[in-house]
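Below is one structure, written out as structure tokens, with a few remarks after it.
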Amino acid sequence: MCEVHKRIDLLRAAGTLPLKPQDEQIRCSFLDRLEDDHWSGPDLHDFEVGLALEIDIFMHGVQREFPTFLPDSP
């Protein structure tokens with residue numbers, strides 16, 4: 001569960017950046033998916049093998065665009 005909360009915190013922090021409209025839409029979509037879930041065991045497994053990777057790839061792109069943002073990203 002802490003990995004879910006870590007990604008939520010990263011996505012919220014990215015909301016303070018002047019993201020491109022498409023990136024902001026993706027960021028909001030990820031937040032919606034994370035915040036609306038009740039997180040059962042299978043859901044957490046799916047998160048670990050799918051959604052977390054998608055978010056990490058997205059956040060890597062954000063960090064490339066804003067190099068001083070997220071020095072401790074996952």
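Reminder that position 71 of the sequence shown reads as 71 in full-length UniProt numbering, one-by-one numbering, no gaps.
C-beta: ideal position from N, C-alpha, C; glycine also.
| query | With 16 as the cutoff for other CB atoms within 10 Å, does V49 come out buried or exposed? | reply | Result: exposed.
| Euclidean distance between Cα positions of D23 and G15 | Their backbone Cα atoms lie some 10 Å apart in a straight line.
| Assigned exposure category for L53 - 16 Cβ within 10 Å defines buried | Of the other Cβ atoms in all chains shown, fewer than 16 fall within 10 Å of the Cβ of L53; this residue is therefore exposed.
| task | Please name the residue, chosen from V62, D56, Q63, that lies closest to K6 on a Cα-to-Cα basis. | result | Ranking V62, D56, Q63 by CA distance to the CA of K6 puts D56 first.
| task | Would you tell me roughly how many angstroms separate the C-alpha atoms of P21 and D32, rounded to the nearest one? | result | Those two C-alpha atoms are separated by around 16 Å.
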